[in-house]
Amino acid sequence: MKFFNFDTTYTNLSEIFFEFNAPHTFPHSEYVLFNEALAHELNISLQLKDHPEILTGSTVIDGTSPYSTAYAGHQFGNFTMLGDGRQHILGEHITPQHKRYDIQLKGSGRTRFSRSGDGKATLGPMLREYIISEAMHHLNIPTTRSLAICSTGEKVLRENVLQGAVLTRIAESNIRVGTFEYAVRTAYEHLKELADYTIDRHFPDLIHKDNKYLKLLDKVIDKQAQLIAQWQSIGFIHGVMNTDNMTVSGETIDYGPCAFMDYYHTHTVFSSIDMQGRYAYINQPAIALWNLTRFAETLLPLIHTDEQEAIHLAESALEKFKHSYQTYYRTMMGQKIGIESPSEEDMVLIDELLSLMEQHEMDYTNTFLTLQNEDTTSLEPLSSWIKKWKNRIRIEENAIQLMRKVNPVVIPRNHIVEEALDDAIHGDLSTVKALLQVISQPFHSDHADKYKQPGPKDRPYQTYCGT
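In the UniProt record's numbering, the protein residues as written are 1 to 467.
Here it is, written out as structure tokens:
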């Protein structure tokens, strides 16, 4: 029986980049969630629904060789050697549209990269990744996807004894900035091999270009500038923007201590481990540039044989990030207030709005929604700004229609996510399923009010890196 259309190429690279290894055999595999719509979209056999043991890794499909990848990374600014400590890639699935996706199990057992970890995952964090990644997809933000969660029949020891689970993650690839940081510390030949593979897989239009490695840097910079602008425009805080959590494909990956802002505050931090606020909302663009600078450093030997010339070319490429990010961000924020093609002058209006929202602790998502309504009396702190704004959008033909297209009615509100996770851990999946249904249509207005309301202001929300 054929469940996937595998054509795996990553394992054609030198063996320093991966290790073949079998996932753990779990006592009892059972589906918690199966993303039928995604399976249909990617032409993955729905008969997989009858075989949860495949998506815990307990049964290996004939003819496949699961593997884990090697990479390094700067974690909170400090370099360390890493790798897939509890992940196994089953293979690369090819869709009828000739798109290539890694099918990866998360929580599927120890690998040689596990260090002191047990290689396992627990139900709550896997459900969080499933919920948030699906929300991001439906908000039109590039992201890895979640195909399934299976329980394993094992108890996993953390602070408490918790239910074991495996997430099946779908990604355009798992090549990270950290993969290049690993490669550059091996040999020039390996670095070139990885860069050529990355270009072939993600940017085939560069194959025959002059200085394709510099153009690779340009492409990744542009993809990340756009991605971070999308995060900022929607109020998403990743929480752990280490270089091993930045993909060259431009997908959001590794949903650990992430969350969406309720009340607009630029220095919002949710992660319990980010005590210095390194990855706060306001810092995300600067951290992205910092990570991209680490990426550029790895490419220097490929960009030019003369190190100083390579540095000059890389620095020129990195200088484009700020302009690209600001252009993407200005466009997205302008459209949130009904301006199709905002000018730099319009950014003054946008900045004034954001300043007032922060000053008056206003809900980020709901403020933009209320601006779409004829009745804006609930936005009294913005009254003089609204006059200026209404005067500006007079010349826009379809301002309100544009706003309705880009401003979500619902996001995965933190208190709603926590309620859903708590119910699921206690055996009731109905709240999770209801939430998944709601976030699959974030721009529809007919959702229950409870999904639209922010959590209480007096209870600071904190997230943990359980994924």
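Ideal Cβ positions, reconstructed from N, Cα and C, are used throughout, including at glycine. In this text the structure is predicted, and so the values were computed from the model without any measurement.
Check whether the Cβ atoms of residue i and residue j lie closer than 9 Å to each other.
| i | j | result |
| --- | --- | --- |
| Ile103 | Leu38 | no |
| Val184 | Asn291 | no |
| Thr370 | Ser378 | yes |
| Glu307 | Leu318 | no |
| Ile228 | His202 | no |
| Met246 | Ile337 | no |
| Thr56 | Phe34 | no |
| Glu345 | Asn398 | no |
| Leu123 | Gly164 | yes |
| Pro408 | Tyr263 | no |
| Met1 | Ser45 | yes |
| Phe6 | His93 | yes |
| Lys405 | Phe443 | yes |
| Ile287 | Met241 | yes |
| Val432 | Ile131 | yes |
| Leu313 | Leu214 | yes |
| Pro23 | Pro52 | no |
| Val156 | Ala259 | no |
| Ile237 | Phe270 | yes |
| Ile439 | Pro412 | yes |
Assuming residue i and residue j form a contact by the criterion Cβ under 8 Å, report the distance between their Cβ atoms to the nearest whole angstrom.
| i | j | result |
| --- | --- | --- |
| Tyr31 | Ser133 | Contact doesn't hold; Cβ gap of about 18 Å is too wide. |
| Phe4 | Ala70 | Not a contact, Cβ separation roughly 24 Å. |
| Thr64 | Gly91 | 5 Å |
| Trp389 | Leu356 | Rounded, the Cβ-Cβ distance is 11 Å, inconsistent with contact. |
| His28 | Gly153 | 3 Å |
| Ile400 | Gln372 | 6 Å |
| Phe113 | Gly77 | Contact doesn't hold; Cβ gap of about 21 Å is too wide. |
| Ser324 | Ala225 | 4 Å |
By alpha-carbon positions, which one of the options ends up nearest to residue i?
| i | options | result |
| --- | --- | --- |
| Lys219 | Phe180, Phe321, Lys155 and Ile282 | Phe321 |
| Tyr329 | Met362, Leu217, Thr367 and Gln232 | Gln232 |
| Ile282 | Thr266, Asp118, Asp274 and Tyr188 | Thr266 |
| Ala434 | Glu53, Ala135 and Glu361 | Ala135 |
| Pro125 | Glu181, His138, Lys106 and Ser341 | Lys106 |
| Glu358 | Ile149, Thr268 and Glu315 | Thr268 |
| Tyr10 | Pro27, Pro52 and Ala195 | Ala195 |
| Thr181 | Pro52, Ala448, Thr298 and Arg394 | Checking the sequence, you will find Glu at residue 181 rather than Thr. It is Thr298 whose Cα lies nearest to the Cα of Glu181. |
| Ile141 | Met241, Gly153, Asp118 and Lys223 | Lys223 |
| Arg100 | Ile400, Leu353 and Ala171 | Ala171 |
| Lys192 | Ser14, Thr376 and Asn414 | Ser14 |
| Lys457 | His360, Leu353 and His238 | His360 |
| Arg161 | Thr198, Arg278, Phe76 and Ala121 | With the sequence shown as reference, residue 161 is identified as Val, and Arg is not the correct amino acid for it. Residue Ala121 is the option with its Cα nearest to Val161. |
| Thr252 | Ser173, Val60 and Leu421 | Ser173 |
| Glu41 | Ser272, Gln441 and Arg145 | Arg145 |
| Cys150 | Gln441, Leu429 and Ala448 | Leu429 |
Just mark residue i as buried or exposed, buried being the case when its beta carbon has 16 or more other beta carbons within 10 Å.
| i | result |
| --- | --- |
| Leu302 | buried |
| Arg169 | buried |
| residue 509 | Nothing can be reported for residue 509: it is not among the residues displayed for the chain, which extend from 1 to 467. |
| Ser58 | buried |
| Phe20 | exposed |
| Gln284 | buried |
| Thr305 | exposed |
| Tyr188 | exposed |
| Glu309 | exposed |
| Met275 | exposed |
| Arg348 | Checking the displayed sequence, the identity of residue 348 turns out to be Val instead of Arg. The residue in question, Val348, is exposed, as its Cβ has fewer than 16 Cβ neighbours within 10 Å. |
| Arg128 | buried |
| Lys450 | exposed |
| Asn12 | exposed |
Do residue i and the ligand PLP come close, with the Cβ less than 8 Å from some heavy atom?
| i | result |
| --- | --- |
| Tyr255 | The ligand content of the structure shown is nil, which means the ligand PLP is not present either. |
Length at least 4, wholly inside the stretch 18-44: the alpha helix (DSSP H) runs in chain order: If you keep only unbroken alpha helix (DSSP H) runs of at least 4 residues inside the stretch 18-44, you get 36-42.
Beta strand (DSSP E) segments (min. 3 residues) lying fully within the stretch 44-118: With a minimum length of 3 residues, the continuous beta strand (DSSP E) runs that stay inside the stretch 44-118 are 67-69, 72-75, 78-81, 87-94 and 100-106.
Uninterrupted alpha helix (DSSP H) stretches inside the stretch 342-385 (no shorter than 4 residues): Under the rule that a run must span 4 or more residues, the alpha helix (DSSP H) segments found entirely inside the stretch 342-385 read 344-359 and 364-371.
Ranges of the beta strand (DSSP E) found wholly within the stretch 110-159, counting only runs of at least 3: Qualifying beta strand (DSSP E) stretches, in chain order: 145-157.
Inside the stretch 276-337 only - alpha helix (DSSP H) runs reaching at least 4 residues: For the stretch 276-337, whole alpha helix (DSSP H) runs of length 4 or above, ordered along the chain, are 284-303 and 307-336.
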